[in-house]
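Asker: The listed protein sequences derive, respectively, from chains A and B. Under numbering that gives the first Met the number 0, the first residue of the first sequence carries the number 0, and numbering increases by one thereafter. Under numbering that gives the first Met the number 0, the first residue of the second sequence carries the number 0, and numbering increases by one thereafter. Beta carbons are placed, not taken as given, at the ideal position from N, Cα and C, and that holds for glycine. This structure is a prediction, so every number in the text was calculated from the model and none was measured.
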Amino acid sequence: MFTFLAQATAPAASGFKFTPALGMFLAFVAVTLVITYFSARKATGSAAYFAAGRSIKGWQNGLAVAGDYMSAASFLGISGIICLSGYDGFMYSVGFLVAYLTVLLLVAEPLRNAGKYTMADLLAYRMNPRPVRAMASLSTLTVSTFYMIAQMVGAGGIIEKLIGIPFAPAVIGVGALMLVYVVFGGMLATTWVQIIKAMLLMCGAFALSWMVLAKFDFSLGRFFDAVAAADYAGSKAAKNLLDPGLKYGATLANPWGAWDFLSLALGLVLGTAGLPHILVRFYTVPDAKTARVSVVWATAIIGVFYILTTFFGFGAATILKQSLVASDITSAFIPLDAKGQLNGNMVAPTLALVLGGDMFYAFISAVAFATILAVVAGLTMSASTSFAHDFYTNVIHHGKPKTQGEEVRVARITAFVVGAVSISLAIQLGSSINAAMLVGLAFAVAASANLPVILFSVFWKRFNTAGAVSGLVVGLASSILLILLSKNGPWGWEAVVPGVAKPVKMGFFPLENPGIVSIPLGFLGAYFGTIFGKRDPEAEGKFAELSVRAETGLGSEKSGGH
Amino acid sequence: MTQLDWNRIAADPGFAELKRAKRRFIIPATIFFLVYYMALPVLVGFWPEMMKKPVLGKVNSAYLFALSQFIMTWVICWLYVRAARKWDIMNAELLKRLGH
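(1) Grouping DSSP H, G and I as helix and E and B as strand, with all else coil, what is A/N342?
(2) According to DSSP, is A/H561 helix, strand or coil?
(3) According to the Cβ coordinates, are A/L267 and A/F74 closer than 8 Å?
(4) Out of A/A316, A/L25, A/R111, A/I426, state which residue places its alpha-carbon closest to the alpha-carbon of A/Q150.
(5) Tell me the rounded alpha-carbon separation between A/G270 and A/V438.
(6) So is B/G56 buried or exposed if we call it buried at 16+ other beta carbons inside 10 Å?
(7) Output the boundary residues of the alpha helix (DSSP H) element that contains A/P536.
(8) Where does the unbroken alpha helix (DSSP H) through A/A494 begin, and where does it stop?
(9) Of all the options A/M23, A/P109, A/M126, which has the alpha carbon lying nearest to the alpha carbon of A/E537?
(10) Decide if A/D216 is buried, meaning its Cβ has at least 16 other Cβ atoms within 10 Å, or exposed.
(11) With DSSP as the reference, label A/P502 as helix, strand or coil.
(12) Determine the DSSP secondary structure at A/L632, reduced to helix, strand or coil.
(13) Name the chain B residues whose beta carbon is nearer than 7 Å to that of A/V295?
(14) Spatial neighbours of A/V102 within its chain, please: CB distance less than 8 Å, with the 5 preceding and 5 following residues excluded, ordered by chain position.
(15) Mapping the DSSP letters down to three states, classify A/A507 as helix, strand or coil.
(16) Using the three-state DSSP reduction, which class does A/K320 fall into: helix, strand or coil?
(17) Quick one: grab the DSSP three-state call for B/T1.
(18) Fully enclosed by the segment 56-110 of chain A, which alpha helix (DSSP H) runs are 4 residues long or longer?
(19) Tell whether a beta-carbon distance below 8 Å holds between A/A448 and A/S138.
(20) Under the assumption that A/L335 contacts A/L323 (Cβ atoms under 8 Å), give the Cβ distance between them as a whole number of angstroms.
(21) With DSSP as the reference, please indicate the residues paired to A/L566 in a beta bridge.
(22) Could you please tell me which residues of the segment 19-49 of chain B, in chain order, have their CB closer than 8 Å to any CB of chain A?
(23) Applying a beta-carbon distance threshold of less than 9 Å, which residues of chain B neighbour A/T298?
(24) Return helix, strand or coil for A/P128, following the three-state DSSP convention.
(25) So which residues of chain B does A/F571 contact, with C-beta pairs closer than 8 Å?
(26) Across the segment 71-78 of chain B and the segment 20-36 of chain B, are there enough close Cβ pairs to call them in contact, namely three or more that are closer than 8 Å?
(27) Using three-state DSSP, classify A/L274 as helix, strand or coil.
(28) Please report the residue range of the alpha helix (DSSP H) in which A/V226 lies.
(29) Is the Cβ of B/K95 closer than 8 Å to any Cβ of chain A?
(30) Once you ignore the five residues that flank A/L354 on each side, which residues in its own chain have a CB closer than 6 Å to its CB?
(31) Using 10 angstroms around the beta-carbon of A/S218, count the other beta-carbons present and answer buried if the total reaches 16, otherwise exposed.
(32) Just list the residues that DSSP pairs A/L335 with in beta bridges.
(33) Just tell me which of A/A315, A/G339, A/N344 has its CA closest to the CA of A/A331.
(34) Can you check whether the CB of A/F458 is closer than 8 Å to the CB of A/L484?
(35) For B/P53, which three-state DSSP category applies?
(36) Please say whether A/S383 and A/V173 have beta carbons closer to each other than 8 Å?
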C-alpha cells in the first residue's frame with residue numbers, strides 16, 4: 000500500500016520529503032497493523048467482529064471511548080477555535096464533557112443491557128422491527144458519514160501541509176489504511192487503535208500544555224494575565240480572550256448570536272448520547288457494570304484533556320502570530336488555508352513546532368494523523384455494523400442471515416463502500432467545505448433523531464412504532480433542513496447591514512446551529528407519532544420485558560463470543 | 000424465559016423498588032446537571048457584561064463558571080457510581096430471590 004501511495008504521489012510530489020513526522024506516523028501504522036493482524040485471527044463470528052467478543056475491560060473501553068471522542072475536531076479544531084475566538088470556543092470543551100452525564104445517567108446501561116450490536120436493537124425489542132431498523136440505520140449512516148467527511152476533509156488538508164502529499168492521494172491513503180483495520184480487524188482492532196491513540200494524544204496534550212506554562216514560569220496568574228491581553232505575539236492589537244462573545248456575541252451583524260450559542264450548547268450536551276460510534280462501544284464490554292466503569296474512565300480522561308485545551312488553546316494566542324499576508328508567514332505564524340483564511344486546524348501543530356522544535360512537531364503531527372485515522376476507522380465500523388446488522392439481516396432478510404458468517408461478510412463489503420463513498424465525497428468537496436459545520440450537523444442530527452427515540456423506548460410504555468419512525472424522520476429531516484437553510488447552507492446570501500462595514504452572511508434560518516429547534520421537534524415528532532398512532536398492545540406488553548432487561552441486565556448478551 | 004417470566008419479575012415489588020431507587024437519583028440529577036449546564040450559555044449569552052467581570056486576578060466569572068462545569072461533571076459521576084453500587088446489590092438480591 001505504501002508503495003502505491005508513494006507511486007501515486009511521485010509525479011506531483013515536488014513538496015514530498017521524508018520527514019520525522021512521516022516516520023513517526025509510519026511507526027504508528029506499523030504497530031497498529033500488527034494488532035490488526037492478531038485481531039483478524041480472532042475476528043470470526045458476529046459477536047467477535049462487531050463487538051470485540053464483548054471482552055474489552057472497563058478502563059480499556061474508557062480509553063477507546065475517549066479516543067473516539069477526541070477526534071481531529073476536538074484536538075485540532077478546538078485548539079484552533081479557542082486560539083482565534085477565545086472563550087466561545089471553550090464552550091465546545093465544556094459541552095463535549097458534560098455530554099457524558101447524559102450518556103452515563105440515561106443511556107449507557109440500558110443500552111448495554113437490552114441491545115446486541117446497534118442502537119436499533121434497543122428500539123426493535125418492542126416495535127415492528129423492519130421500519131424502525133430501516134430508519135435507525137439511515138440515521139446512523141447519515142451521522143457517521145457527515146462526521147467522517149469532516150474528519151477526512153480535515154485530514155487531507157493537514158497531511159498536504161505537513162508532509163507535502165497532495166490532497167487527493169492523502170485522502171485515499173488515509174481511507175485505504177482505515178479500511179484495512181476495519182475490514183480485517185473488526186471492532187477489536189479499531190478498539191486497540193483507539194486505545195493507543197488516546198494514550199499518545201494525552202501525552203501530547205500534557206507535553207504541549209507543560210511547554211506553554213513553562214513560557215510563563217508555571218505561574219497561572221501570569222498565564223491568565225497574558226490571555227486577558229492576548230496580542231498574538233505582538234502581531235495584533237491586544238484583546239481579552241477570556242471575554243465571552245467574540246464569536247457568538249449579539250452584535251449588529253449577528254443579532255441572534257446569543258441564541259446561536261445556546262443552540263450550540265444544547266446540541267453538544269445531547270448529541271453525544273445519540274452518536275452511533277460512541278454507542279456501539281458499550282457493546283464491546285462484558286456487562287452494564289463495565290459499561291458504567293468505562294464511561295467514568297472516559298469522563299475522567301476527556302475532562303482532563305479538555306481542561307488542557309485552556310493552555311494550548313488560549314496559550315497559543317499569546318505565542319503564535321497572525322497575518323493574512325501569505326509572504327509574511329514564517330514558522331511562528333498560524334498558517335493560511337487554501338482560501339487565504341487563518342487555518343485554525345494548524346494551531347496545535349504550529350505551537351508544537353515553535354515550543355518543542357522539529358521532533359516535537361513531528362510527534363504532534365503523527366498524533367494528529369493517528370487521531371484522524373482511528374476515528375475514521377471507528378466511524379466506518381459503526382456505519383457498516385448498522386447496515387449489515389439492521390438493514391441487511393433484519394430488514395431485508397427478516398432477522399435470519401442465510402448462511403453462517405454472512406452478516407460479517409456484508410459488513411466488510413459495506414465498510415468498503417462507505418469508505419469509498421466518503422473518500423470520493425471528501426475529494427470532491429476539497430478543503431473548501433467547513434469541517435466544523437459538518438461535525439455540528441452530525442451532533443445535531445444525533446441529538447434530534449436518535450436521542451428522543453432511545454429515551455422514549457426505555458422510559459415510556461405507550462411508545463410505539465409510529466412514534467419511533469416519526470421521531471427519527473422528524474429529527475433527521477428538520478436538523479438537516481435547518482442546516483441547509485442556515486447562512487452556511489447552499490442558499491445563504493450576503494447582505495449589507497447598516498452600521499456594519501463588511502457584508503454579512505444571511506440565511507433563511509438565522510442560526511448556524513439547528514439544535515434548539517430540531518431537538519424539541521425530534522421529541523415532539525416521537526410524542527405525537529405515538530399519540531396519533533394506533534395503540535400497540537404488543538409493544539406495550541413487551542415493555543415489562545424491556546424494563547426488566549434494561550434495569551436488571553437479565554438475558555443480556557454475554558461475553559466470550561468466539 | 001417466557002413472556003410470563005418477564006411479567007412476573009416486572010410485577011415483583013422488589014423490581015418496582017429497584018426502579019424507584021434508580022429514578023430517585025437519576026431524575027433529579029439529570030434536571031440538576033442540565034439546568035446547571037444550560038445556565039452557562041444563558042448567562043454568558045444574555046448577560047455578558049456580568050460574566051466578563053474579573054474575579055480572580057484577570058480570570059472572569061465566565062471562565063470560572065465554565066471550569067466549575069468540569070468539577071460538577073466529575074462530582075455527579077462519582078455520586079452516580081456510589082448510588083449504582085447500591086442498585087447492583089439490590090439487583091443481585093432480587094435476581095437471587097427470584098431464582099435467576
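Answerer: Result, derived from the coordinates:
(1) coil
(2) Confidence at A/H561 is low in this model, with a pLDDT of 36, below 50, so the placement of that residue is unreliable and no value is reported for it.
(3) no
(4) A/I426
(5) 11 Å
(6) exposed
(7) 536-540
(8) Not the alpha helix (DSSP H): A/A494 falls in the beta strand (DSSP E), residues 492-494.
(9) A/M126
(10) exposed
(11) coil
(12) Absent from the model: residue 632 of chain A. The displayed extent of chain A is 0 to 561, so no value can be given.
(13) C76, V80
(14) T271, A272, I277, V294
(15) Residue 507 of chain A is actually Phe in this sequence, not Ala. Reduced to three states, the DSSP call for A/F507 is coil.
(16) strand
(17) coil
(18) 57-68, 78-84, 86-101
(19) yes
(20) 7 Å
(21) The displayed coordinates of chain A run from 0 to 561. Any statement about residue 566 of chain A would go beyond what the structure contains.
(22) K21, I25, A28, T29, F32, L33, Y36, M37, L39, P40, V41, V43, G44, F45, P47
(23) T72, W73, C76
(24) helix
(25) Here chain A covers residues 0 to 561 and nothing more, so residue 571 of chain A does not appear.
(26) yes
(27) coil
(28) 219-227
(29) no
(30) M210
(31) exposed
(32) A/L341
(33) A/A315
(34) no
(35) strand
(36) no
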